[in-house]
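To keep things clear, I will list the structure first and then write my remarks on it.
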Amino acid sequence: MTNAVSKFIAAMPKAELHMHLEGSLEPATLMELAARNGVRLPYADAAELQRAYSFDDLKSFLDLYYLGLTVLQTSDDFYRMTYAYLERSARDNVRHAEVFLAPQAHLRRGLAMSLFIDPVLAAFADARDAFGITGGLIPVIQRQFDESDALAMVAGLAPWRDRILGLGLGGPEVGNPPSKFRQVFAKARNDYGWRITAHAGEEGGPDYVREAVEILAVDRIDHGVRCSEDPALMALIAERGLPLTVCPLSNVMLRVFPDMPAHNIRALYDAGLQVTINSDDPPYFGGYVNENYAAIQAAHGFSDDALRHMARNSFTAAFLSEDVRGQYVSELEAFAG
Ligand SMILES: [Zn+2]
Numbered sequence: 006m007t008n009a010v011s012k013f014i015a016a017m018p019k020a021e022l023h024m025h026l027e028g029s030l031e032p033a034t035l036m037e038l039a040a041r042n043g044v045r046l047p048y049a050d051a052a053e054l055q056r057a058y059s060f061d062d063l064k065s066f067l068d069l070y071y072l073g074l075t076v077l078q079t080s081d082d083f084y085r086m087t088y089a090y091l092e093r094s095a096r097d098n099v100r101h102a103e104v105f106l107a108p109q110a111h112l113r114r115g116l117a118m119s120l121f122i123d124p125v126l127a128a129f130a131d132a133r134d135a136f137g138i139t140g141g142l143i144p145v146i147q148r149q150f151d152e153s154d155a156l157a158m159v160a161g162l163a164p165w166r167d168r169i170l171g172l173g174l175g176g177p178e179v180g181n182p183p184s185k186f187r188q189v190f191a192k193a194r195n196d197y198g199w200r201i202t203a204h205a206g207e208e209g210g211p212d213y214v215r216e217a218v219e220i221l222a223v224d225r226i227d228h229g230v231r232c233s234e235d236p237a238l239m240a241l242i243a244e245r246g247l248p249l250t251v252c253p254l255s256n257v258m259l260r261v262f263p264d265m266p267a268h269n270i271r272a273l274y275d276a277g278l279q280v281t282i283n284s285d286d287p288p289y290f291g292g293y294v295n296e297n298y299a300a301i302q303a304a305h306g307f308s309d310d311a312l313r314h315m316a317r318n319s320f321t322a323a324f325l326s327e328d329v330r331g332q333y334v335s336e337l338e339a340f341a342g
């Protein structure tokens, strides 16, 4: 299923805007942390764990994902996980990365907010010094819990409010529509000045995407691919220039589409939507961001110029200052392949 990454894709400057830190743990690292931290997992080794990366739907993935993240116990674990992703991404010519973390999953295990937020932010600072990669953190609400739980999490993040980019919405989509979190997103935007993103239209229908747009007033839509089932909604998203953070390999692994040729990325792109390409949870879904670009090029015949356009979208959609955005866009325009 993995397509070779061309030299053009590998060298192209790009941003990644949809990647869950807990989903970036490579199987070998995950097993190593389990052993060191005394966490029992039902897998003998990394190879056996990797064989479990076969999913029927979002829930079957999330069950394994929530089990896997229990190996994270110390500040050093969170630091190493974040730094490893940024180091790897810098090699893939990711210039800027905005990543998700699910604080509720860690708070519920008894970890203190500072135990995981501080090392993640420290890893960003160190990776910027070492590799020049910029980026930041977007905590995601786990939508299976009540809004009161999300409000408590956001209140707990107050000490870091100026060092956090925004608030996202993740977890099992069906039955947990964006409208369930109206108050907490309003608070994040109005009290903290945070940007807003939400997973919508992955397993949930276009009505979930519409709620994210009209009720939460999102700055970006995570996935959003099922918006194509509602032409009026698609037109609205195009008109507002709302970016979609599409994760092609994830969508196929979680059976949103049966295979890559059946993915609607071509239709979204041709409709003029601001499509960006991302990896979601790279080791779980068989590829980092460059492998995602390679997969859609192989299946849908996108030209290198079209991929460059999507990379440009990734900088346009990023929560960047205008001067830094301008530098990245200039670098991309000068990039000859
Ligand atoms: Zn995601």
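Each residue of the sequence shown is one higher than the one before, counting from 6 in the working numbering.
Ideal Cβ positions, reconstructed from N, Cα and C, are used throughout, including at glycine.
Residue i, DSSP secondary structure in three states
| i | result |
| --- | --- |
| residue 223 | coil |
| residue 31 | coil |
| residue 198 | coil |
| residue 62 | coil |
| residue 239 | helix |
| residue 321 | helix |
| residue 278 | coil |
Residue i and residue j closer than 9 Å at C-beta
| i | j | result |
| --- | --- | --- |
| residue 77 | residue 37 | no |
| residue 245 | residue 198 | no |
| residue 141 | residue 170 | yes |
| residue 294 | residue 317 | no |
| residue 302 | residue 59 | no |
| residue 84 | residue 39 | no |
| residue 193 | residue 172 | yes |
Any non-hydrogen atom of ligand 1 within 8 Å of residue i CB
| i | result |
| --- | --- |
| residue 232 | no |
| residue 285 | yes |
| residue 101 | no |
| residue 175 | yes |
| residue 227 | yes |
| residue 255 | yes |
| residue 324 | no |
| residue 307 | no |
| residue 105 | yes |
| residue 268 | no |
Cβ-based neighbour list, residue i, same chain, cut-off 6 Å, excluding 5 preceding and 5 following
| i | result |
| --- | --- |
| residue 234 | 211 |
Cβ shell of residue i (< 7 Å), same chain only, five flanking positions each side left out
| i | result |
| --- | --- |
| residue 13 | 309, 342 |
| residue 9 | 299 |
| residue 257 | 264, 265, 268 |
Environment of residue i [buried if 16+ CB atoms lie within 10 Å]
| i | result |
| --- | --- |
| residue 2 | With the chain running from 6 to 342 in the structure shown, residue 2 is simply not present. |
| residue 29 | buried |
| residue 297 | buried |
beta-carbon residue i near ligand 3 non-hydrogen atom, thresh 8 Å
| i | result |
| --- | --- |
| residue 204 | This structure simply doesn't include ligand 3; it includes ligand 1 instead. |
Residues near residue i in its chain [Cβ-Cβ closer than 8 Å; skip 5 each side]
| i | result |
| --- | --- |
| residue 131 | 88 |
| residue 67 | 176, 177 |
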